[in-house]
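What follows is a short report on a single structure.
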Amino acid sequence: MKLYFTCPKKNELFASEHYSLTDGFSVVEGEQRKLEGMVQLHESCPHCGELHLFPVDKVMCSYGKKE
Ligand SMILES: [Zn+2]
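Each step along the sequence shown adds one to the number in the numbering used here, with nothing skipped, and position 12 is 12.
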């Protein structure tokens, strides 16, 4: 599944299928169930070339545009 990320350096959106959740992510049970953890990218950012790490809540599963 492709996820969408925003480059923290250039503030540009990009999509990637090459990522994994780091160890220690957890589902927080509360009023709203949510995931906590970090998503590690395995390919370099197309905008700045770095391998970013994102908190799960900053990652989008979909984007308002069709590909
Ligand atoms: Zn970047």
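Note that CB positions come from ideal geometry on N, CA and C, so glycine has one too. All of these numbers come straight from a predicted model, not from anything done at the bench.
Between the beta-carbon of residue i and the beta-carbon of residue j, is there less than 8 Å?
| i | j | result |
| --- | --- | --- |
| residue 53 | residue 38 | yes |
Just tell me which of the options has its CA closest to the CA of residue i.
| i | options | result |
| --- | --- | --- |
| residue 41 | 29, 31 and 15 | 15 |
| residue 22 | 55, 61 and 60 | 55 |
| residue 57 | 49, 27 and 45 | 27 |
| residue 49 | 2, 3, 1 and 7 | 7 |
| residue 9 | 60, 61 and 46 | 46 |
| residue 61 | 17, 11 and 12 | 17 |
| residue 2 | 11, 12 and 20 | 20 |
So what does DSSP say about residue i, is it helix, strand or coil?
| i | result |
| --- | --- |
| residue 10 | coil |
| residue 49 | coil |
| residue 61 | coil |
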